[in-house]
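Before any comments, here is the structure.
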Amino acid sequence: KAGVTQTPRYLIKTRGQQVTLSCSPISGHRSVSWYQQTPGQGLQFLFEYFSETQRNKGNFPGRFSGRQFSNSRSEMNVSTLELGDSALYLCASSFGLAAYNEQFFGPGTRLTVL
Amino acid sequence: ILNVEQSPQSLHVQEGDSTNFTCSFPSSNFYALHWYRWETAKSPEALFVMTLNGDEKKKGRISATLNTKEGYSYLYIKGSQPEDSATYLCARGGTSYGKLTFGQGTILTVHP
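Protein sequences appear in the order of chains A and B.
Position in the first sequence counted from 1, then plus 111, gives you my numbering.
Position in the second sequence counted from 1, then plus 38, gives you my numbering.
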């Protein structure tokens, strides 16, 4: 069974640009969650999508958005990039809602904002 | 406890030692407690998901217990091996379903 895949793996952008990250969950998984990892911070929850609906959102500005497609693939978009957005972005999929089911993480996208 | 807190922040042990970490979390509106292992250059890997007070789970040399009334969970590693070196994360699922709140992690280093 293929694992969670994320593309791209590495990305370099400049301030003010926007970026779209992609996540393909494990086949059959309907939940995709996104997390941000920065130095000194734990994994910060961004949002979770389940059956194409955003179920929950973390404490991030509106510049962070996402969506989920009918095949459960998810994209995350960050507009008007800031230096502080430099981070490792992880997505995780689970069969059911993330709070109750073990999550399977992708390898992450390392975003650097210059 | 307002957030998920883990202790200690880091731990150095010798091969063969047994060790344990603590995860403390708000006990109200509790749904589930997760443990993950995150090795360098890899993705976090699920160890356990526990939901009931008194739950005990075991996988090989690693085990975990859960006390939802007082809001803590212990992770035990028996006979640590160098390959156990990793960051161990706990996460709490609350009433905002789908939202997991992670602790800062415990960094374990096992010296041969």
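Quick reminder that beta carbons are idealized off the backbone N, C-alpha and C, glycines included.
Close-in-space but distant-in-sequence residues of the same chain around residue i (CB under 7 Å, 5 per side omitted)
i: GLU193 (chain A); result: ARG126 and VAL224
i: PRO218 (chain A); result: GLN117 and ARG120
i: GLN179 (chain A); result: VAL143, TYR160, GLU163 and SER185
i: GLY109 (chain B); result: ILE39, SER62, PHE63, PRO64 and SER65
i: ASN91 (chain B); result: LEU104, ASN105, THR106 and LYS107
Neighbour list for residue i in chain A, Cβ cutoff strictly below 9 Å
i: PHE68 (chain B); result: Correct list: empty, because the minimum Cβ distance to chain A is about 10 Å.
i: THR33 (chain B); result: This structure cannot speak to residue 33 (chain B), because chain B is shown only from 39 to 150.
i: SER81 (chain B); result: GLY114, VAL115, LEU201, ALA203, PHE215, PHE216, GLY217, PRO218 and GLY219
From the options, residue whose alpha carbon lies closest to that of residue i
i: PRO119 (chain A); options: A:CYS202, A:ASN167, A:LEU157 and A:ARG178; result: A:CYS202
i: PHE175 (chain A); options: A:SER181, A:SER183, A:GLN165 and A:PHE215; result: A:GLN165
i: ILE115 (chain B); options: B:LEU85, B:PRO64 and B:LEU90; result: B:LEU85
i: LEU104 (chain B); options: B:THR125, B:TYR112 and B:GLY98; result: B:TYR112
i: GLN128 (chain A); options: A:LEU222, A:GLN214, A:THR191 and A:LEU199; result: A:THR191
i: SER48 (chain B); options: B:SER123, B:ARG99 and B:TYR110; result: B:SER123
i: GLY139 (chain A); options: A:ALA113, A:ASN188 and A:SER133; result: A:ALA113
i: VAL148 (chain B); options: B:GLU43, B:ASN58 and B:ASN41; result: B:ASN58
i: GLY153 (chain A); options: B:VAL42, B:PRO150 and B:GLU94; result: B:VAL42
i: GLN52 (chain B); options: B:THR60, B:THR144 and B:GLY117; result: B:GLY117
i: GLU213 (chain A); options: B:THR60, B:ALA79, B:ARG99 and B:ALA129; result: B:ALA129
Contacts of residue i in chain A (Cβ-Cβ under 7 Å)
i: GLN142 (chain B); result: GLY153
Interface partners of residue i on chain A, CB under 8 Å
i: THR17 (chain B); result: Here chain B has residues from 39 to 150 only, and residue 17 (chain B) is not among them.
i: GLY131 (chain B); result: ALA209, ALA210 and TYR211
Distance CB(residue i)-CB(residue j) smaller than 8 Å
i: PRO82 (chain B); j: PHE216 (chain A); result: yes
i: TYR211 (chain A); j: ALA70 (chain B); result: yes
Other residues of its chain near residue i: CB distance less than 6 Å, five sequence neighbours each side excluded
i: LEU132 (chain A); result: MET187, TYR200 and THR220
i: GLU94 (chain B); result: THR103
Contacts around residue i, its chain only, beta-carbon distance under 8 Å, and the 5 residues preceding and following it disregarded
i: VAL130 (chain A); result: LEU122, LYS124, ASN188, VAL189, LEU192 and LEU222
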